[in-house]
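Residue 764 is where the sequence shown starts when you use our numbering, and the numbers rise one by one after that. Glycine included, each C-beta is placed from N, C-alpha and C at the ideal position.
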Amino acid sequence: MTTAILKGFLTPMVQDTVNFVNATLLAGERGIRVAEARARSDEYVNLLTVKAVANGTVNSVAGTIFGRKELRVVKINNFRLELAPQGKFIVIHNNDKPGAIGSIGTLLGTHQVNISQMRVGQQEDGDKTMIYFRTDNPIPDPVMQELRRLPLIIDVMAFEL
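Structure representation (structure tokens):
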């Protein structure tokens, strides 16, 4: 499992072909240290958590399988959610106040961006949320910049899984 995660992590970052044979070697060449630990989860039968540390910042993603094949991301950093890991996404970190989702949806609709799915991840013990929008197409940079300027928005990023 660790090798598969390294392969997925490294593939978009390196020009070399990354495979299950060379993923660990390529990670080591780039100064990436890997540690694997096992722990029980009270909430899930099977839960995999991946943590990445860079420049003192820790980011984590936890995932599980529902049924036999339904992959789900269930936590990103301190934000709980349920998200199928496939497609194009915009992730918006914002202050949890009325009007945030409405202003984002209005802006995206104005630019003819179709939202095929939305999930809100509530921060544990906090006043922030992460909103995950699955979209049909990548979001143009000017629209991303407009999103960043909206009130209540802390950060915006786009990615594809």
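Which residue marks the beginning of the beta strand (DSSP E) containing residue i, and which one marks its end?
i           : result
alanine 817 : 811 to 817
What three-state label does DSSP hand residue i in the structure shown?
i             : result
glycine 771   : helix
threonine 898 : strand
alanine 790   : helix
leucine 729   : Outside the modelled stretch of the chain, which goes from 764 to 924, sits residue 729, for which no answer is possible.
arginine 911  : helix
serine 866    : helix
aspartate 904 : helix
threonine 780 : coil
Among the options, which one has its Cα closest to the Cα of residue i?
i              : options                        : result
threonine 750  : Gly872, Arg835, Asp859, Lys860 : The question about residue 750 has no answer here: the residues shown for the chain are numbered 764 through 924.
glutamine 885  : Ile839, Gly830, Ala767         : Ile839
isoleucine 878 : Ser804, Leu924, Lys851, Thr898 : Thr898
aspartate 890  : Leu924, Val883, Asp859, Pro903 : Asp859
Roughly how many angstroms separate the alpha carbons of residue i and residue j, rounded to a whole number?
i              : j              : result
threonine 892  : asparagine 841 : 9 Å
threonine 827  : valine 808     : 8 Å
isoleucine 855 : isoleucine 894 : 5 Å
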